[in-house]
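Before any comments, here is the structure.
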Amino acid sequence: MWRSIAFCRRKHYNPGGVTEKMEEYQMGEKKYFVLMEGGSDTSQVFASKQPRGAALKAATRGHTDIRLRERGTNRVHVFSGEINMVDKPANGPAWLPDKIKKANVKKVGIERL
1 MWRSIAFCRR KHYNPGGVTE KMEEYQMGEK KYFVLMEGGS DTSQVFASKQ PRGAALKAAT
61 RGHTDIRLRE RGTNRVHVFS GEINMVDKPA NGPAWLPDKI KKANVKKVGI ERL
């Protein structure tokens with residue numbers, strides 16, 4: 001798995017004076033969200049940095065009441081979703097059909113398990 005690592009120069013103020021230090025920090029990692037139906041987990045897992053990205057993937061697959069449990073935490077992200085059929089973009093490739101699915105989600109809230 002590739003990781004994005006960036007370096008940043010920070011000034012540290014201490015009683016002896018100011019020192020500069022190169023620090024390493026990681027960019028955001030992907031999180032895994034499990035789709036829940038009927039209060040229990042399903043086998044569908046969506047990977048995204050943010051819950052909205054996972055909800056858009058679920059909505060594209062036809063789910064309307066979306067409940068995503070974030071792995072490793074006790075949070076369940078609740079969304080309502082829909083799919084609209086829209087015209088393809090003007091600069092779309094020739095193989096793309098005339099009408100495409102466009103997902104739209106709205107966050108309802110977060111529940112704790």
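No gaps in the numbering here: position 90 of the sequence shown is 90 in the working numbering, and each next residue is one more. Quick reminder that beta carbons are idealized off the backbone N, C-alpha and C, glycines included.
Requested in this report: Scan the segment 14-84 and note each continuous alpha helix (DSSP H) run of 4 residues or more that stays entirely inside, going in chain order.
Outcome: 51-60
Report task. Please classify G119: is it buried, with 16 or more other beta-carbons within 10 angstroms of its beta-carbon, or exposed? Result -> Outside the shown range of the chain, which is 1 to 113, sits residue 119, and nothing can be said about it.
Report task. Flag this pair as yes or no: are the beta carbons of F79 and I100 separated by less than 7 Å? Result -> As a first step, residue 79 is located in the sequence shown; it is residue number 79 there, counting from the start. As a first step, residue 100 is located in the sequence shown; it is residue number 100 there, counting from the start. In this structure, I100 does not lie closer than 7 Å to F79 by Cβ.
Report task. Enumerate in chain order the residues of its own chain whose CB-to-CB distance from M1 is below 7 Å, with the five nearest sequence positions on each side excluded. Result -> As a working mapping, residue 1 is identified with position 1 in the sequence shown. Because M1 sits at a pLDDT of 44, beneath the cut-off of 50, its placement in the model cannot be relied upon, and the point is left open.
Query raised in the report: To the nearest angstrom, how far is it from the Cα of R61 to the Cα of F46?
Result: By one-based count along the sequence shown, residue 61 stands at place 61. By one-based count along the sequence shown, residue 46 stands at place 46. F46 has its alpha-carbon roughly 11 Å from the corresponding atom of R61.
Query raised in the report: Using a Cβ-Cβ cut-off of 6 Å (strictly less than) and excluding sequence neighbours within five positions of T64, which residues of its own chain qualify?
Result: Taking the first residue of the sequence shown as 1, we reach residue 64 at position 64. Excluding positions up to five away in sequence, the list reads G81.
Query raised in the report: Just checking my contact of R52 with V108 at CB under 8 Å: how many whole Å lie between their CB atoms?
Result: Start at 1 with the first residue of the sequence shown, and residue 52 comes out as number 52. Start at 1 with the first residue of the sequence shown, and residue 108 comes out as number 108. Not quite, the Cβ-Cβ distance comes to about 12 Å (not below 8 Å), so this is no contact.
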